[in-house]
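One line per chain: the protein sequences are A and B, in this order.
If you count the first sequence from 1, position 243 lands on 243 in our numbering, and the numbers rise without skipping.
Just remember that our numbering sits 1000 ahead of the position in the second sequence, which is counted from 1.
Beta carbons: idealized from backbone N, C-alpha and C, even for Gly.
Written below as C-alpha cells is the structure these notes are about.
Number of protein chains: 2
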Amino acid sequence: MARAGRRGRGNVTIEDVARMAGVSAMTVSRVINDEGNVRDTTRASVQEAIKRLNYSPNSAARSLAAGQSVHIGLLYANPSAAYLSQFLVGALEGTRRGGCHLVIEACESEGADEQAEATRRFLTTEVEGVVLPPPLSESQPILAELAAAGIPAVTVAMGRPREDALNVRIDDFAAAREMTDHLLALGHRQIGMIKGHPAHMASAERLRGFRAALAAHGLDPDAAPVEQGYFTFRSGLVAAERLLARPHRPTAIFAGNDDMAAAAIGVAHRHGLVVPDDLSVAGYDDTAPATTVWPELTTVRQPISAMAEAAVELLLVRLRMMRAGMRIQAAERVLAHELVIRESVAAPRRAARPRSAASGLYAPRAKA
Amino acid sequence: MARAGRRGRGNVTIEDVARMAGVSAMTVSRVINDEGNVRDTTRASVQEAIKRLNYSPNSAARSLAAGQSVHIGLLYANPSAAYLSQFLVGALEGTRRGGCHLVIEACESEGADEQAEATRRFLTTEVEGVVLPPPLSESQPILAELAAAGIPAVTVAMGRPREDALNVRIDDFAAAREMTDHLLALGHRQIGMIKGHPAHMASAERLRGFRAALAAHGLDPDAAPVEQGYFTFRSGLVAAERLLARPHRPTAIFAGNDDMAAAAIGVAHRHGLVVPDDLSVAGYDDTAPATTVWPELTTVRQPISAMAEAAVELLLVRLRMMRAGMRIQAAERVLAHELVIRESVAAPRRAARPRSAASGLYAPRAKA
DNA sequence: CTCGCGCCTGATAGCGCTATCATAACCCCG
DNA sequence: CGGGGTTATGATAGCGCTATCAGGCGCGAG
C-alpha cells in the first residue's frame, strides 16, 4: 500500500487538473459540479484534462468544504428479503459513486400514524433525501411527511408518481403484455391472472398489460379469470385454488409476483397437475422463490440493483439542483425489463387449437 | 434546516471541546482516537466535555486530514437473500458509525481459483479491510489471498478461526443444545437431525450441541438419526424423506437451518403428517422461510445485523491498531442468540395418527 | 465614447481534523 | 541536584475542495 506521506494514494487533485487545463481550481470545481457560467471552450478543456488524468474528486474534501456531508435515507418495509438485498446492493453502489452515505431504516408498521412517526424519527437523523422502495413508495403518510419537511424523495416502482416527484420504474404494462404474449404464442387461450396488492399501482399496470395482450389477440379481456392476491405466498394459495376451481380451468396462470406464482405451483401439485404440462405458471420479479421452487419459474426480471442505483443518482441530482436554487420538476427513469424463460411455462398439453372458438374460455370478440 | 453560513449544522467542533476542557484540539484528537500519551486526568476532563457537548467527530474532516478515507469491503456469495439483507443493514450501520464506506461485491463462484481472482479484483478497489459473511468466511482461497495482500479480514460465523484472526459468531454449540433441550423437555425421545453443509464449521458445532443435549438426558447420541443436508431447501427434502423412512420414525426433526426445516415440513405434509401434532420441526437462523411456511417455525435466532455491525467495528479497531503499528492478536466476539418459539414444535402425540392429505396441505388453522 | 451591467474567472479563506515537530513537564538515577 | 531520557501537550501547517467576493472582459444603452 503506497501511502506516501500524508497524501492519500498517488491521487490527482483538483490542482493538477487546473494546471493541466490552464485554469484555476475554482473553474475545475465549477465544471465538475455542473454549475453554469463557464464558457464552453473552457469547460471542454477542463473535461479533457479530467479524462487525461483520470481524476476523480475526493469526496471527503468535498463534503468538508461544502459543509454538508450528504446522507441519503432508505426507508423500507418488509419487502421480500431478496428484493431488499438486491436493492441495497444497488443503492450502495450509487452512494459510493456519488460520494455520499446511506442510512437505512425499517418501517414495519402499516398504520398511517406509525409510518408518519417513523418518517419523522428518520428525519432527525439528518438525511437530506430519501429513497423509497416499494411498498413504501405508495405510502401517502410517508410522502406527505417528507413533503412537509421539504425533503425530496425518490420513489421506486411507483405506479403513478405525483407532481414534481422523482420516480424510477420499469414499464410494468409492457412487461405484463409481453409475458401474456408469450403465453398466447405458446397456444394458451385460458389464462388466469392473480392480481397483486391493490394498493400497489404497479399491480394495476400489470393487469392492464395482461388485458391489452388478450385484446390484441382478439380475446375478451373482461372474460379472463382474475383473482385478487396480495403479493404473499398465502394469498397466492387462495387465489390459485379459486382459479383452478373454475368451470373452465385455465391452462396457464400469470401471477403478479413470484411468491404467488410459487403458491400456484404448490396448489397445482396438490391437484395432481404437472407443471408445466397441465398448467403453465408465470411469475413476476425474478426473486429468490423463482429459482427455489420446482420447476423454476418463467418470470419477468426487474433490474432491481440498477433501479436502486438510478434512484440514488436521481436524488443526488435533485439535491444539487435544490442547493443551487434551480427550479425543480418531475423526473422519471424507466429501466429495461427482461423476460426470463425457465421451465414453468410450456405449450398446453392438448395440441393448441388456436382458432377454435369452442376451446376457449373467452368468447372471441368482434374485432374493433 | 438550519444551515448557517458554511457551517454544517450547528455542530460542535473539536475546538469547542478543547476550549471547554481547557486543552488544545490536538489533545482532544488524541483522546477520541484512543492514542496513548495522555494523562488520565486530562483524558477524563476531555471525555467529560465531549459528553457535555454531545460532540461527535466529523468523519469527512477526519478522513481528509488523515489522508485515507477508509473503505471496508464486503464479499458475499449466494447466502440466503434474507440473511444478506439483514447483514447489510448491520454492516451499514457499523460503517456509518465508524465514518467509513462500505464497498460490496458478489463472488458467486465456488471454485478456488475464481474466488482467489475475485478477491484480487476486489483488492484493486482500495479496500483496507474485508468482512466475510458465511459461507465465504470458510473459504481458504479467499482468506489466503487476503493474508497475502496484508488486508485484515473479519469472518462471521466461522466455526474455527485461525491464528490472529478476527471473528464474530454466536455460540452454535449452546444454541443447538438449548433447542434440543427444548424438544426433550416436551417429551420427544426420537429426535432426528438434518446436518448443515459439511464445509461450514458451524454445522459441526450444531451437531455437537445436539448430541451433547441427548447425552445429558441419558440418551445415546450415536443412536440418534442424523442425515446430511447442504443448507438448501432441496437437500432438506431428501434428508427429511430419509429420516421419515426410518423404522423408528422420529417425532421431531431439528434442521440445521430454516430452509431445510421448511423442506421437512413439506415432506411431512406429503406423508400426511400434521405438524406439530405428528411431527415437530425446529429450524435454525430465523430467516424469512421461518415465517413463510405454515406452521411457522420454532427456530434459533441469530442477531445477524448485530453480528455484521460487530464485525465492522472489530475491523475498524484492527485497522487503527495496524496503522498505529501496535501488535495485533486474535479477537473474537460471541453474540447472544435466542430461541424463538413458534408453532412448529409441540409435545409428541402418544400414538402417531396418519392423516389424509385431503385435510389440507396448507389449510391454515383458524387463527386466534 | 463612456457608463453600467451582465458573464466568466481567479484569489483568498476557510471547512474540521490530524501529522509533525517543538516544547514543556516529569522522572529516574548516579 | 543536574543531566539524559522519557512522557504529555501545544503550535503550526496542511489534507482537497468550495463559498465568497473581487475583478476583468465584452457589449448594448445613453
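TODO: Return the chain-ordered list of same chain residues with a C-beta closer than 6 Å to the C-beta of A/GLY209, the five sequence neighbours on each side being excluded.
DONE: PHE173, ALA176, ARG177
Open item on the list: In whole angstroms, give me the CA-to-CA distance for B/VAL1089 and B/VAL1334.
Closed with: 19 Å
- [ ] Report all residues from its chain with a CB closer than 7 Å to the CB of B/MET1394; omit the five preceding and five following residues, and keep chain order.
- [x] Outside the modelled stretch of chain B, which goes from 1001 to 1368, sits residue 1394 of chain B, for which no answer is possible.
TODO: Look at the alpha carbon of B/ASN1011 and the alpha carbon of A/LEU143, and state the distance between them as a whole number of angstroms.
DONE: 28 Å
Open item on the list: As an exercise, report each continuous alpha helix (DSSP H) stretch of at least 4 residues that is fully enclosed by the segment 169-203 of chain A, in chain order.
Closed with: As far as the segment 169-203 of chain A is concerned, its whole alpha helix (DSSP H) runs of at least 4 residues are 172-185.
Task: 4 or more residues per run - each alpha helix (DSSP H) lying fully within the segment 64-139 of chain A - done: 81-98, 112-123
Open item on the list: Please return the same chain residues whose Cβ sits closer than 7 Å to the Cβ of A/GLN47, not counting the five positions on each side in sequence.
Closed with: These residues qualify, in order along the chain: VAL31.
- [ ] State the Cα-Cα distance for the pair B/GLU1126 and B/ALA1153, rounded to the nearest angstrom.
- [x] 14 Å
Task: Cβ-based contacts, 7 Å cut-off: residues of the segment 92-113 of chain A near chain B - done: Going along the segment 92-113 of chain A in chain order, one finds LEU92, ARG96, HIS101, LEU102, VAL103, ILE104 with a Cβ nearer than 7 Å to chain B.
Task: 6 Å Cβ shell around B/PRO1413 - same chain, five flanking residues per side excluded - done: One cannot answer for residue 1413 of chain B here, as it falls past the ends of chain B, which runs 1001 to 1368.
Task: The alpha helix (DSSP H) enclosing A/ARG323, as first and last residue numbers - done: 304-323
TODO: Out of B/ALA1147, B/PRO1247, B/TYR1055, point me to the one whose CA is closest to B/GLY1192's CA.
DONE: B/PRO1247
Open item on the list: In whole angstroms, give me the CA-to-CA distance for A/LEU279 and B/PHE1254.
Closed with: 35 Å
- [ ] Give the secondary structure of B/ALA1290 by DSSP, where H, G and I count as helix, E and B as strand, and everything else as coil.
- [x] helix
Task: Beta-carbon gap between A/PRO348 and A/HIS200 smaller than 8 Å - done: no
Task: Classification of A/VAL274 by the beta-carbon crowding that lies within 10 angstroms, buried from 16 upward - done: exposed
Task: Under 7 Å by beta carbon: chain A residues contacting B/VAL1267 - done: The contact set of B/VAL1267 on chain A, defined by CB atoms closer than 7 Å, is empty, because the minimum CB distance reaches about 13 Å.
Open item on the list: Across the segment 280-296 of chain A and the segment 70-88 of chain A, are there enough close Cβ pairs to call them in contact, namely three or more that are closer than 8 Å?
Closed with: yes
- [ ] Compute the Euclidean distance between the alpha carbons of B/THR1041 and B/VAL1023, then round it to the nearest angstrom.
- [x] 12 Å
TODO: Anything in chain B within Cβ reach of A/VAL89, meaning under 7 Å, just list it in chain order.
DONE: ILE1104
Open item on the list: Just to check my reading of the structure: A/ARG318 and A/LEU166 have Cβ atoms closer than 8 Å, yes? What is that Cβ distance to the nearest angstrom?
Closed with: 6 Å
TODO: Name, please, each residue of chain A whose Cβ falls closer than 8 Å to the Cβ of B/LEU1064.
DONE: ASN58, ALA60, ALA61, LEU64
- [ ] Could you pull out every residue in the same chain whose Cβ sits closer than 8 Å to the Cβ of B/SER1045, ignoring the five residues on either side in sequence?
- [x] ALA1021, GLY1022, VAL1023
Task: Alpha-carbon spacing of A/LEU297 relative to A/LEU132, whole angstroms - done: Answer to the nearest angstrom: the Cα atoms are 27 Å apart.
Open item on the list: Taking DSSP's pairing of strands, which residues face B/GLN1228 in a bridge?
Closed with: B/LYS1195
Open item on the list: Please report the straight-line C-alpha distance between B/ALA1116 and A/PRO141, rounded to a whole angstrom.
Closed with: 48 Å
Open item on the list: Assuming contact is defined by CB atoms lying nearer than 8 Å, are B/THR1299 and B/ASP1259 in contact in what I supplied?
Closed with: no
Task: Contacts that B/LEU1316 makes with chain A (C-beta to C-beta distance below 8 Å) - done: None at all; the shortest Cβ gap to chain A is about 15 Å.
Open item on the list: For chain A, check one thing: does any of its Cβ atoms lie closer than 8 Å to the Cβ of B/PHE1122?
Closed with: no
TODO: Given a cut-off of 8 Å, decide if B/ALA1308 and B/PHE1087 are closer than it, judged by their beta-carbon atoms.
DONE: yes
TODO: Enumerate in chain order the residues of its own chain whose CB-to-CB distance from B/ALA1268 is below 6 Å, with the five nearest sequence positions on each side excluded.
DONE: VAL1275, LEU1279
Task: Length of the line joining the Cα atoms of B/ILE1170 and B/MET1179 - done: Answer to the nearest angstrom: the Cα atoms are 14 Å apart.
Task: A/ALA147 versus A/ARG121: straight-line alpha-carbon distance, rounded - done: A straight-line Cα-Cα distance of about 15 Å links A/ALA147 and A/ARG121.
Open item on the list: Counting only C-beta atoms, is B/LEU1361 closer than 8 Å to chain A at any point?
Closed with: For B/LEU1361, the predicted structure reports a pLDDT of 39, less than 50, and the residue's modelled location is therefore unreliable. A value from the coordinates is still provided. Yes, B/LEU1361 lies at the interface with chain A (some Cβ there is under 8 Å from its Cβ).
TODO: Could you name the residues of chain A that B/THR1292 contacts, counting a contact when the two beta carbons are closer than 7 Å?
DONE: PHE233
Open item on the list: I'd like to know whether the C-beta atoms of B/VAL981 and B/LEU1053 end up nearer to each other than 8 Å.
Closed with: Lying before the first or after the last residue shown, residue 981 of chain B is absent from chain B, which here runs from 1001 to 1368.
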